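Heads up: the sequence lines are chains A and B, in that order.
FYI, in the working numbering the residues of the first sequence are 20 to 186.
FYI, in the working numbering the residues of the second sequence are -10 to 657.
Note that beta-carbon positions come from the ideal geometry of N, C-alpha and C, so glycine has one too.
Note that the structure is predicted; figures quoted are calculated from it, not measured.
For reference, the structure is listed below as structure tokens.
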Amino acid sequence: MSNVANNTSASDAMRRKTRRFMIAAFAVAALAFIVIAAGGINKNLVYYWTPTDLHANGDKAYGAAIRLGGMVAPGSIKNQRGVSGLEFDVKDATGVVHVKSNGVPPQMFRENIGVVVEGTMTRAGYFQCNRLMVSHNNQYRAPKAGHPMNKQELEKLMKSTEGLSDK
Amino acid sequence: MNATLGRLLILGSLLVSTTGAVLAYAAGAKRSREGLRWAQRFAYAFSAMMILATLVMEVALVTHDFSVSYVAQVGSLTTPLWVTIVSLWSSLEGSILFWGFVLALYIAVATWLTRNQHEEYMAYSIGTWLACASFFSFLIAGPANPFLSVPFPPVDGPGPNPLLQNHILMVAHPPFLYLGYVGMTIPFGFATAALLRGRLGVAFIRPIRTALMLPWIFLTIAIMLGGWWAYEVLGWGGYWAWDPVENASLLPWLTATAALHSGVVMERRGVLKGWTITLIQGSFLLTILGTFMTRSGVFNSVHSFTQSSIGPTILVFLAVILLGSIALLAARIDSLEAEGRIEGAVSREGMFLLNNLLFVLFTFTVLIGTVFPLVVEALRGKQMSVGRPYFDSMVVPVGAALVFLLGIGPALPWGRASREQIKRSLLPPIIGGVVLLVLGYALGARNGWTLLTLAFGGYAAQVTLGEMWRPVVQRMKRGESLMTATVQAQFNRGRRRFASYVIHAGAVIVIIAIAVSSTTRTQREVSLAKGQSTTIGAYTVTFLGTDIRNEPHRVATVARVAITKDGKPVEVVEPRMNQYAAMREPIGTPAVHSTLAGDLYVSIMNLDGSGQNVGLLLLITPMVSWIWIAVLLMGLGGIISIIPHRQSSFAAASASEPSPATVAETPA
């Protein structure tokens, strides 16, 4: 009888030990996951900036993943017809960024329209664009020529463009 | 008239669902049989009123009754009938009403199927369903009311968002998604009832499983349809971009899949009850979080419609459910005692645990990446998003590990196994792995993760097919004919087992197709003048010219593009630009020449006014159509597993259920 009782308590102790081990292993795994995920997020953040924000962030812009929202400055589009070498300026009320793109621009692309370009700022002083998007949002209306959008409108624009042309 | 009637029905369903919920909980607490009967009547009454309200809206839409606010908002005399019918879910208010409609269907059917069973749990289940129903009735009656009266009705309306009318898949994707999302309410009700009762008996496990499997099937197909829609409409050539709205649909799917797996262990070993319940609660919470993310406008997208006031209301609901679930779990999880225990780590149940761990990791990876920008914006007012590389780098290893488990798990026996047994089951499928690896390499796959996925996938495919047909082979050895053995083993006694291997087969194909299609595509952007050609892969693409076509609700500019392969004409595809009256800018629709080996995707990037020059995006993506087919196969497997067999699947497991000892014939 006492033998049986001993066995049970021994196996209970075993079980408790296993349980403690499991909890510790789980905690370590969870911690490792959080560290890896946080690092992954930190490395892959895409900043939503207006031209003014981009200038304000200075050196941080070089090499960072940036979603730049603004208006295509009138008269700035060069070489729209060709497949490569498209250049234009993106501006808001107080800033201008020169953008170079290798893709074929989407149908709606033209002067004075709100655009979102994804890419990064190069040390040569231009924005290298990997992806050029024009808003599909039904609610959105382009501003009148010569009136750049304010920050709030641009932020809405940057959030409202879904994967349209990918490169 | 329609507006008033609709408002009355919605107020009625709000009243009935609230009263019914209170009454059902009281009946549950008192274990009153009479109270349960009344709760059932209230559930039917709610369903009837909500369904009628939706019918009233459909009548208003089809008859173009612009005195109803929602019809004035999305209706138009020029849209085709099918667009008019589906515009019920083309904007915010209607889509919430549609949610109520689907919830009403689910509640009515679930109440009917359980009318004479599981009395112990049903009052609490119905109470929980009706509590959710009263929240959505409140949304429809208040913040998202589609039945407001328009004092001076317009003669014509603008029609639904053109992006939604642009493709027939828009008819299918939302209903499937709603059937998946809303359906999670039913297992949530069961799980909450088990917690409130502090008990989860063997007999109640099967209805929980069936109630989880059904929305899982719909959600699986809905996610695929969403990806397919993006592929066929958005024009950038991909089907998944880790967009917040896509993640919102994936999150509950991940936890529900985990719950379906831990549910098997719960059913066979009597363990993991609290864990399975937690996963079910989590799945429901994630559907509400998904609704918040897609409908409140925190992420602006084609799903969010207009800025609306329902965001805070949904957030409050989410918080209440979250806190309630946590409190309930904390109070009651210990009372769902385990009846057995897990014996060895290297066993079928050990692999189930690993599977659950991976799915939970997957869920947190996606959840953190999706919610992080929201938190930063709320706290610091800065806008950013988490880039695709984060998701890819985190999810790809988890995906590869899942395929690995798809092979190892079913190959291992339940319980403790000898070293010899383990070797015998794990070694042979290596052949399948090597075959697929070599095949993939020969066909040009060079990406390390893709090759790894192919090797694991080949292994898993051999295990899956072997396990799928093993009972048939065993029966034939005992002298049964192929026909009898197949029917008996796959469709009668071992149906759930067979079904789960059908789902696994689909899953293996999907993961391989995703790995291959995302790492081996060829892309070109070209400008072509009329009559000019270019080549991509084995194809030659020629721009023949453009047509203008007048359609009732839009004007289309169609580019005719001839595709030839090895000098032989294959197809003339017609990517187009659709101009809708309500929209300033045209919407492009790509054209896809689809084969089993791969797709040639042709999308217009720009088109000059004269129709003489076109800018095209050309993409060759292998194996894309396998994704759609294999997901349908997964759905089919799900359907096979829940078809009632002799007795209702909501009924208790009876003695005819094979005992855990007969491994070959029991569900895996």
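*asked:* Taking the beta carbon of I616/B as the centre, do at least 16 other beta carbons fall within 10 Å, making it buried, or is it exposed?
replied: Stepping through the second sequence from its first residue, residue 616/B is reached at position 627. Label assigned to I616/B: buried.
*For S251/B, does the three-state DSSP call read helix, strand or coil?*
Walking along the second sequence from the start, residue 251/B turns up at place 262. S251/B falls in the helix class under three-state DSSP.
_G252/B to G133/A span [Cα, whole Å]_ = For the purposes of this step, residue 252/B is taken as residue 263 along the second sequence, with counting starting at 1. For the purposes of this step, residue 133/A is taken as residue 114 along the first sequence, with counting starting at 1. Cα-Cα distance, rounded: 51 Å.
*Could you check if V118/A is buried or exposed, using at least 16 other CB atoms within 10 Å of its CB as the buried criterion?*
What you label residue 118/A is simply residue 99 of the first sequence in a count that begins at 1. Buried, by the Cβ-count rule.
*asked:* Any C-beta of chain B within less than 8 Å: which residues of the segment 60 to 88 of chain A qualify?
replied: I60, K62, N63, L64, V65, Y66, Y67, A84, R86
*Could you check which residue in L274/B, W229/B, V63/B, P575/B has the C-alpha nearest to that of P176/B?*
As a first step, residue 176/B is located in the second sequence; it is residue number 187 there, counting from the start. P176/B has its Cα closest to that of L274/B, out of L274/B, W229/B, V63/B, P575/B.
_Minimum Cβ-Cβ distance from F361/B to chain A less than 8 Å_ = As a first step, residue 361/B must be located in the second sequence, where it is residue number 372. Answer yes: the Cβ-Cβ gap between F361/B and chain A drops below 8 Å somewhere.
*asked:* Give me the subset of the segment 575 to 608 of chain B whose CB atoms are less than 9 Å from a CB atom of chain A, sorted by chain position.
replied: P575, I576, G577, S592, I593, M594, N595, L596, D597, N602, G604, L605, L606
*Buried or exposed: A570/B, going by 16 or more other Cβ atoms within 10 Å of its Cβ?*
Here residue 570/B corresponds to residue number 581 of the second sequence, with the count starting at 1. Exposed, since its Cβ has fewer than 16 Cβ neighbours within 10 Å.
*Can you pull the chain A residues whose beta carbon is under 7 Å from the beta carbon of L350/B, in chain order?*
Mapped onto the second sequence, residue 350/B falls at position 361. In chain order: F52.
*Evaluate contact between the segment 82 to 97 of chain B and the segment 155 to 170 of chain B, counting only Cβ atoms and requiring at least three cross-stretch pairs below 8 Å.*
yes
*Separation of A183/B from A657/B, as counted between CA atoms*: In the second sequence, residue 657/B corresponds to position 668, counting from 1. In the second sequence, residue 183/B corresponds to position 194, counting from 1. Any reading at A657/B needs caution, since the residue's pLDDT is 36, under 50, leaving its predicted position unreliable; the model's value is listed next. Rounded to the nearest angstrom, the two C-alpha atoms are 24 Å apart.
*Determine contact between the segment 437 to 454 of chain B and the segment 416 to 424 of chain B, defined as no fewer than three beta-carbon pairs at a distance below 8 Å.*
yes
*Starting from the N-terminal side, write out each stretch of the alpha helix (DSSP H) that is 4 residues or longer and does not extend beyond the segment 277 to 348 of chain B.*
299 to 321
_Straight-line Cα distance separating W118/B from S298/B_ = If you number the second sequence from 1, residue 298/B lands on position 309. If you number the second sequence from 1, residue 118/B lands on position 129. Cα to Cα, the separation comes out at about 24 Å.
*Starting from the N-terminal side, write out each stretch of the alpha helix (DSSP H) that is 4 residues or longer and does not extend beyond the segment 46 to 82 of chain B.*
58 to 63, 70 to 75
*If you follow the beta strand (DSSP E) that Y590/B is part of, which residue opens it and which one closes it?*
Sequence index remark: in the second sequence, residue 590/B carries index 601 (1-based). Counting along the chain, the beta strand (DSSP E) containing Y590/B begins and ends at 587 to 596.
*In the structure shown, what three-state DSSP assignment does S120/A receive?*
Walking along the first sequence from the start, residue 120/A turns up at place 101. Strand at S120/A.
*Taking three-plus beta-carbon pairs below 8 Å as touching, is the segment 375 to 395 of chain B in contact with the segment 406 to 417 of chain B?*
no
_8 Å Cβ cutoff, S374/B in contact with chain A_ = Counting from one through the second sequence, the residue named residue 374/B turns up at place 385. It does; some Cβ of chain A falls within 8 Å.
*Is A580/B helix, strand or coil by DSSP?*
Counting from one through the second sequence, the residue named residue 580/B turns up at place 591. Reduced to three states, the DSSP call for A580/B is strand.
*Spell out whether any CB of chain B is found under 8 Å from the CB atom of A164/A.*
Within the first sequence, the letter at position 145 stands for residue 164/A. The predicted position of A164/A is uncertain, since its pLDDT is 47 and thus under 50; a value taken from the coordinates is nonetheless stated next. Output row for A164/A: interface = no.
*Could you tell me whether the segment 319 to 326 of chain B touches the segment 231 to 251 of chain B, where touching means 3 or more Cβ pairs closer than 8 Å?*
no
*What does Q126/A reach in chain B if we use C-beta pairs closer than 8 Å?*
In the first sequence, the residue the question calls residue 126/A occupies position 107. Neighbours of Q126/A on chain B, chain order: M566, E574, P575, G577, I593, M594, N595, L596.
*Is G114/A close to chain B, meaning its C-beta is less than 8 Å from at least one C-beta of that chain?*
Taking the first sequence and counting its residues from 1, one reaches residue 114/A at position 95. So, not an interface residue.
*CB L50/B to CB S76/B, shorter than 8 Å?*
Counting from 1 along the second sequence, the entry for residue 50/B is found at position 61. Counting from 1 along the second sequence, the entry for residue 76/B is found at position 87. Yes, they are a contact pair.
*Give the residues from the segment 373 to 397 of chain B that approach chain A closer than 8 Å (Cβ to any Cβ), ordered along the chain.*
M373, S374, V375, G376, R377, P378, Y379, S382, M383
*Contact under 8 Å by Cβ, I552/B with Y528/B*: Looking up residue 552/B in the second sequence gives position 563. Looking up residue 528/B in the second sequence gives position 539. Yes.
_Interface residues of chain B facing E174/A [CB-CB closer than 8 Å]_ = For this step, residue 174/A is matched to residue 155 along the first sequence. Those within 8 Å of E174/A in chain B are Q372.
*Opposite P663/B in the DSSP bridges: which residues?*
No answer is possible for residue 663/B: the residues shown for chain B start at -10 and end at 657.
*Is any beta-carbon of chain B found at less than 8 Å from that of G133/A?*
Working through the first sequence from its first residue, we reach residue 133/A at position 114. Not closer than 8 Å to any Cβ of chain B, the Cβ of G133/A fails to qualify, so no.
*Do you know offhand how far L201/B's Cα is from A99/B's?*
Locating residue 201/B in the second sequence gives position 212, where the first residue counts as 1. Locating residue 99/B in the second sequence gives position 110, where the first residue counts as 1. Each residue's Cα considered, the two are about 12 Å apart.
_Only counting the same chain, and skipping five residues up and downstream in sequence, which positions put a Cβ closer than 8 Å to that of V115/A?_
Walking along the first sequence from the start, residue 115/A turns up at place 96. Cβ neighbours of V115/A beyond the five flanking positions: P70, A92, D108, V109.
*Of the residues L606/B, G627/B, M472/B, M38/B, which one's Cα is nearest the Cα of L223/B?*
Position 234 of the second sequence, counted from the start, is the residue given in the question as residue 223/B. Out of L606/B, G627/B, M472/B, M38/B, L606/B has the C-alpha closest to the C-alpha of L223/B.
_Distance, Q372/B Cα to N61/A Cα_ = If you number the first sequence from 1, residue 61/A lands on position 42. If you number the second sequence from 1, residue 372/B lands on position 383. N61/A and Q372/B: Cα-Cα distance of roughly 14 Å.
*Is the Cβ-Cβ distance between R186/B and Y113/B less than 8 Å?*
Against the second sequence, residue 186/B aligns to sequence position 197. Against the second sequence, residue 113/B aligns to sequence position 124. Contact: yes.
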